[in-house]
Structures are given as C-alpha cells and as structure tokens.
Amino acid sequence: MSQSLSQNEDTIVALATPNGVGAISVIRVSGPSAIPSVDKVFSGKKKLIDCASHTIHYGRILESGGEAIDDVLISVFSDGRSFTGEDSIEISTHGNPFIAQKIISVLLLQEIRLAEPGEFTKRAYLNGKLDLAQAEAVADVINSRTEVSLRGARNQLDGILSKKIDSLREQLIHTSSLIELELDFAEEDIHFMSLQEIVRNIDEIIEEIEALLKTFSFGKVIRDGVNVALVGPPNAGKSSLLNYFLKEARAIVSEVPGTTRDIIREDLFIDGIMFRLFDTAGIRATEDAVEKEGVLRSRNALKEADIVLFLNDTTVGFSEHLYSEILELNQSDRIVRVANKVDITRPEPDKYDVQISAKTGVGMQSLFEKLKAVALGSSTYTERTAIVSNIRHYDSLNKANEHLKSAKESINKRLTGEFISVDLRNAENDLGEIVGKITSDDILNNIFSKFCIGK
Ligand SMILES: Nc1nc2c(ncn2[C@@H]2O[C@H](COP(=O)(O)OP(=O)(O)OP(=O)(O)O)[C@@H](O)[C@H]2O)c(=O)[nH]1
Ligand SMILES: [Mg+2]
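Residue numbers (this note's numbering): 851 to 1305.
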C-alpha cells in the first residue's frame, strides 16, 4: 500500500532541464529543508526563508569557500504550494552543465540528496497533487512527439480518464452497498427486486468499461504510433515506396530482385500520427545465405507489425501465395493490399485496397487516407472523451470486467450475496489501481523508475 509522506522526508535535488548547453538550466529542490538549505549557499538581497511563495529572486550561489558559482534566479514555492506538494525551490542558472553540476554538488553538502528517477512526480502523487493516471500522463506529455499524442496525454493529465474511473468506482460502491444492505437485513438471501437492480447496475458498468477498452487501440496509436511493415515479393517497389514517403533516396532501389536485405526503419508523420515504417527484403525462396537472413527478418517484421502494407507489382500480378502466408503470420486484421506500378499496367480489379505508383505518385493520397483510417479505426473521439492509452490501465480495466462478469455469474447461479460482494470489491480494486487509490510499492517503483531524473 502506498503511504503518505511524513514531514521528515528527505529533501531532494536534480537537474530538471536536459544535461547540455542552452540559454538556461533549471535545478529543482523539493522537501522540508529545501528553502533553508538553499539559503545556506545563496547570497541575495533577502533570505529565501523570508520570501513569499511564488516569487522570484536574483542572487548568487556560492561555493563552500565563498566564491560565486553563477548568477541565478530562484523561484520559491512555500507552504507546500508546489508541483510536489512540498516546499520547493527552482534555481535557474546559465545553461552550462558544468555550472549545474557544481551547484548540485554544493547543495549535496547540505541536508539534500540526489533525486531518484521520477521522484518529484512520485511525491506529487503521494501528496495527492495528482492521481496515478495523471502522474503517468506527465511522462506522456514530455515524450509526446506529435500534436495528436500531446493532446491525448494532456487529456489524461487533465484528469478526464481519472474522472471516468472515479465515477465507475462510485457506481460500484453504490451497487456493493445495495448488496450489503440486503445481507444485513435479509435472513436468507437477496430479494428478487434488488437482484434485478444489482444486475442492471453491473451491466451498465460493464458497458462503460467495454467502451473504454475499445478506445485502447486508438489511444495506443496516438500515444505510441504504429508499426507498418512494407512487405511483398522482390521488386514490388517497397523501397521505392519508402523513398517516396520520406521524399529522399533512403533505401537502395534497383531492378535487380532481392536488393533490400536489412530492415530499414524510418518514421513518417501523417496528420500527427506516427507511422514507424519498416522496409523489408522481398519474400521468396532463395539459396543466397545473406538474402535468406533478410527474408527471415522480413517475416519477423511481418509478424510484429500493427499494419502490413502488402505491395504487389501489377506487371506480375497479385501474389496469392504470399498473401495467405501474411494472413497466417500477422493476426492484426490490418493488412492493406496495395497494387504498385499502375503507371505501367492496370491491376486486376477486386484484388486490392489501394492502387498506386511509387514512381509517379499516383494514388498516394488514397494510400495516406487508408493508412490513417486503418490506424485509427472507425472511432471518432472528441477531446473530452476518456481514452485509454496505457497498457497498465487497459489490463486493470480487463480485470475489472472479468470480476464483474463473474459477479453476474454468481447471481445467475443463485450464489449467496457474499460471492457477489467479493467480485464487486475486486472490480473496485482493479479500477482503483488505475488512479492509484490502491497500489503496491512494486507498481509505483515500476512506473516511476521509467521517468528521468528531475521529473
Ligand atoms: N514503372 C514503375 N516502376 C517502379 C515503380 N515502383 C518501383 N519501380 C521499379 O521497380 C524496381 C524495383 O523497385 P524497388 O523499390 O527496389 O523494389 P523492392 O520491392 O524494394 O525490391 P527488393 O528490395 O528487391 O525486394 C526498380 O527498378 C524501380 O524503379 C512504379 O510505381 N512504377
Ligand atoms: Mg527493396
């Protein structure tokens, strides 16, 4: 179980900006002795301990010998009115990692230690400034590389998912209380009327959880992007298509079949969604040892891809044989059959989802649209929709769903109220894990150890 921070918790320090040269660097200090400890190495007009919260002060940080390390601006956050919920200081220095390291060293001589990865955010969570889903969103906001993924992470940081989970938990608690009431008053078992209401409530919750689970494929795409394997027979034009996407001659293209051997990985952004493209070796039976290894890698990429772009050379025709192999190896249901080289030959109708020429660019707009549609599915979500993008949340929701279904089973089997109660309580705990109402130290450590130091 997570515990609350006690007053005598350590004070921690870390560089909050990247460890490199820039206009400024920011050093973060948080904990009960943050302000008095920084005061000991700070020389300014006033003592920081006498400054109001949310004010900024110019001065210098001094070495133990009294020499100035750098001019700094210090922001003071007192009375726990800070990101972490503790007294905090932010020191802005000239953006030189050497200066930052020197300042951190003099602070470490005070009652301050180096922060662990994610420890600032972990404290914000433990002090109730953020719930766990929001704390995880801090990392997502920082790691977002596109407009769309940033919006998704902001959505979670703003607590939209948390609110949804909290309301589902409340519904569950209400349903549990109905059962407990019955158990208290009924001599034998639960009345039929109450049972009906309980089943109705459980069904409603299941429905909402299933709706949330459905958002995961969308959420995952906007958060992490999608892996797209360019697969097909040799010479189909896979590398030509990669080059067209990237607007550069990234991969070698030649009329010799079997040109590509290694997998070539590049990112393509279409309307804010990240597609990780994998150009692969053309798949065919071969005696060439190097090509054999290339084909093996193609098959692996094919297995792991979220989306398969199955390229065919229309001058040769649709490769039925390879298509069945793809269907067997890739379970995603997201295989796009592409006819390439339509500038030379008209493809057989009905065989393809999209027709293009990697040479002239014909059909590329429809290919982009197709990729986007396949990645996002038919889902249309507004900015205020709760979306699940984190596998941990997804797993917890699935567990909750299982427990609710087992509760319904107990009702159908006419088991006693205790059985139903246990399942409902388990489901409530599963949901509680998402927002961190219920968590183990293991879960917390696992989450925050993935953060950088200084977050
Ligand atoms: N006319 C025409 N030629 C194309 C088109 N796309 C590719 N080619 C040609 O087809 C040949 C093979 O292209 P690549 O892009 O190397 O094909 P690949 O699928 O990567 O081939 P491997 O790496 O050997 O598996 C090259 O000579 C290309 O110029 C197209 O749309 N139209
Ligand atoms: Mg190639």
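We put the beta carbon where it would ideally sit given N, CA and C, even for glycine.
- About 7 Å separates the beta carbons of Val1238 and Leu1247, which is inside the 8 Å limit, making them a contact pair.
- Secondary structure of Leu1265 (DSSP, three-state): coil.
- For secondary structure counted as the beta strand (DSSP E) over 3 or more consecutive residues, the stretch 1051-1137 holds these complete runs in sequence order: 1076-1081, 1114-1120 and 1123-1129.
- Between Leu1152 and Val1081, the CB-CB gap stays under 8 Å.
- By the Cβ criterion, the stretch 1185-1199 is in contact with the stretch 1160-1167, since at least three pairs of Cβ atoms, one from each stretch, lie closer than 8 Å.
- Look at Glu940 here: in three-state DSSP terms it is strand.
- Beta-bridge partners of Ile906 (DSSP): Ser925.
- Here the alpha carbon of Ala950 sits roughly 21 Å from the alpha carbon of Asp937.
- Boundaries of the beta strand (DSSP E) harbouring Asn1190: Ile1185 to Asn1190, taken from the DSSP string.
- Of the residues Val1204, Lys896, Lys972 and Lys1222, the one whose Cα lies closest to the Cα of Asp1292 is Lys972.
- For Ser1089, the shortest separation between its Cβ and any heavy atom of ligand 2 lies below 7 Å.
- The beta carbon of Gly1213 sits closer than 8 Å to those of Val1192, Val1204, Gln1205, Ile1206 and Ser1207, all from its chain and outside the five residues before and after it, given in chain order.
- Taking C-beta atoms under 8 Å as the contact rule, Ser875 and Thr943 qualify, at a distance of about 5 Å.
- Inside the stretch 972-997, DSSP marks whole alpha helix (DSSP H) runs of 4 or more residues at positions 982-993, from first to last along the chain.
- Distance from the C-beta of Val1081 to the nearest heavy atom of ligand 1 is not below 7 Å.
- For Asp1200, no alpha helix (DSSP H) segment is defined, and its DSSP state is neither H nor E.
- Pairing Thr1289 with Leu1007 gives a Cβ-Cβ distance that is not under 8 Å.
- Taking the Cα positions, Tyr1202 is about 27 Å away from Thr1136.
- The Cβ-Cβ distance between Ile911 and Val956 falls below 8 Å.
- With fewer than 16 neighbouring CB atoms inside 10 Å of its own CB, Glu1057 falls in the exposed class.
- Between the alpha carbons of Val998 and Ala918 lies a distance of about 45 Å.
- Two segments are said to touch when three or more pairs of C-beta atoms, one from each, lie closer than 8 Å; by this definition the stretch 1018-1027 does not touch the stretch 1213-1223.
- The distance from the Cβ of Gly945 to that of Val871 is about 6 Å, consistent with a contact at the 8 Å cut-off.
- By the neighbour-count criterion, in which a residue is buried when 16 or more other Cβ atoms sit within 10 angstroms of its Cβ, Gln1046 is exposed.
- Residue pairing for Gln960: DSSP places it in no beta bridge.
- Excluding its 5 nearest sequence neighbours in each direction, Val879 has C-beta neighbours in its own chain below 8 Å: Thr861, Ile862, Val863, Ser887, Val888, Ser938, Ile939, Glu940, Ile941, Leu957 and Ile962, listed in chain order.
- Phe1298: not part of any beta strand (DSSP E); member of the alpha helix (DSSP H) spanning Asp1291 to Phe1298, first to last residue.
- Judged by DSSP secondary structure, Ile1176 falls within the alpha helix (DSSP H) whose first and last residues are Glu1170 to Leu1179.
- Counting C-beta pairs closer than 8 Å gives three or more between the stretch 1099-1119 and the stretch 1082-1090, which meets the contact rule.
- Under the three-state reduction of DSSP, Phe1218 is assigned to helix.
- Rounded to whole angstroms, Ile1297 and Ile1157 show a C-alpha spacing of 28 Å.
- With a 10 Å radius around the Cβ and a threshold of 16 neighbouring Cβ atoms, Tyr1244 comes out buried.
- Contact between Ile1261 and Val1071 is ruled out by a C-beta separation of about 37 Å, above the 8 Å threshold.
- Taking C-alpha positions only, Leu1179 is separated from Asn1150 by approximately 9 Å.
- Boundaries of the beta strand (DSSP E) harbouring Asn1162: Ile1157 to Asp1163, taken from the DSSP string.
- For Ala873, the uninterrupted beta strand (DSSP E) segment begins and ends at Gly872 to Ser880.
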